[in-house]
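All residue numbers for the sequence shown refer to the working numbering, where the first residue is 3 and numbers rise by one.
One structure is given below, encoded as C-alpha cells.
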Amino acid sequence: MISLFGTEIMRVAYGFDDIRRNETLIHNAEALILGFFEAVVPGRFLVNIFPSLRYVPSWLPGTGFKRFFSDLSQISFKTLYPPFEEAKHDFANGKKGSHPSIAASLIDKLPEDDNVNRVEQESIARNVCGVAYIGGAETTVSLALALLHVLASCPDVQSKAQAEIDSVVGPDRLPGVTDIQDLPYVHAIVKEPVYLLGRPSSINTLREFMIHRCTPLQF
Numbered sequence: 003m004i005s006l007f008g009t010e011i012m013r014v015a016y017g018f019d020d021i022r023r024n025e026t027l028i029h030n031a032e033a034l035i036l037g038f039f040e041a042v043v044p045g046r047f048l049v050n051i052f053p054s055l056r057y058v059p060s061w062l063p064g065t066g067f068k069r070f071f072s073d074l075s076q077i078s079f080k081t082l083y084p085p086f087e088e089a090k091h092d093f094a095n096g097k098k099g100s101h102p103s104i105a106a107s108l109i110d111k112l113p114e115d116d117n118v119n120r121v122e123q124e125s126i127a128r129n130v131c132g133v134a135y136i137g138g139a140e141t142t143v144s145l146a147l148a149l150l151h152v153l154a155s156c157p158d159v160q161s162k163a164q165a166e167i168d169s170v171v172g173p174d175r176l177p178g179v180t181d182i183q184d185l186p187y188v189h190a191i192v193k194e195p196v197y198l199l200g201r202p203s204s205i206n207t208l209r210e211f212m213i214h215r216c217t218p219l220q221f
C-alpha cells in the first residue's frame, strides 16, 4: 500500500510515469525518514552527550555517528536533487508526463537564470517537491487503512457503496475522479476516516444539548 500511494505522490510531485523510477524515489525517501527518526532519539549517539566528539576523526572508535550522518546526508541529497534536476531537464525539453506535476508548475514560475532570486526560489521549489512524500505518504496510508477497517467493520455500508458504484459506473471500469459528483455516498465514506475521533472522556449537558469536554463555548 505504501508503494501504491507513494508512486502516486511521486507522480504528482515530479510527473514521472516510470514505476521503477518512482519506486527508487520512494526507497530513498523511506530511508531518509527512518534515518531522521533514529537521529532525533535523545542520547542515541555519544556526540549528544559529548558534543566535542564532532571534531575527532571518523576512523576513531566511537565515531560511528559520523558515518551514519554522512550516509544520511547522501540519502538526503539523492532524495532532493536528482529528481528535481530530472524534472527541470524534462521541462526544458518539453517532455511532459501523463499528469500535471508540482515540479513542472513551480519550475514554470521560476525567475530567469540571471535573476538574483533564482537560487533561493529554486531551492524552495526543490524542497517543496522533496517533502511531498514525507508529508503525504504516512498520512495517506493511515487513512486508507482506517477506511478498510471501517468497511470491514460495517458490511452494510460496504454493500450500499458497492450498489451505488454498480448503478453509476457499472462493471466494465473503475470509478474515477470525474464520477465523484455522481457517487455522493462513496465520496462521504472515503472522507469518513478523517473525522474518526476517540470517545470523549466526559460529556456535559447544557439545556438539551450534550457537549463534549473541553468544547469552547461562546455566548
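We put the beta carbon where it would ideally sit given N, CA and C, even for glycine.
Given a cut-off of 8 Å, decide if residue j and residue i are closer than it, judged by their beta-carbon atoms.
i    : j    : result
A104 : V133 : One point to set straight first is that residue 104 is Ile, not Ala, in the sequence displayed. It is not a contact, given that the beta carbons lie outside the stated cut-off.
A139 : I11  : yes
G37  : I4   : no
S75  : R69  : no
V14  : H101 : yes
P85  : Y16  : yes
V188 : A163 : yes
Quick one: what's got a C-beta closer than 8 Å to residue i's C-beta in the same chain, skipping five residues either side?
i   : result
T9  : I21, N24, E25, I28
G96 : none
Excluding the five sequence neighbours on either side, which residues of its own chain have a C-beta within less than 7 Å of the C-beta of residue i, listed in chain order?
i    : result
R46  : E40
K90  : I109
V58  : T65
V170 : D181, D184, L185
Starting from the C-beta of residue i, find all residues in its chain whose C-beta is less than 6 Å away, skip the five residues before and the five after it, and write them out in chain order.
i    : result
L82  : R128, G132
R120 : P113
Pop quiz: residue i and residue j are said to be a contact at Cβ under 8 Å. What is the actual Cβ separation, rounded to whole angstroms?
i    : j    : result
A31  : I182 : With 8 Å as the limit, A31 and I182 do not qualify as a contact, their Cβ atoms being about 29 Å apart.
E210 : L185 : E210 to L185, Cβ: 36 Å. No contact.
F7   : V143 : 6 Å
F71  : L48  : Actually they do not touch by this definition, with Cβ atoms about 13 Å apart.
- Task: Counting only runs of 4+ residues fully inside the region 108-176, write out the alpha helix (DSSP H) ranges in chain order.
- Result: 120-155, 157-170
- For the region 5-50, which segments carrying the alpha helix (DSSP H) assignment without a break, of at least 4 residues, lie completely within its bounds, in sequence order? 21-41
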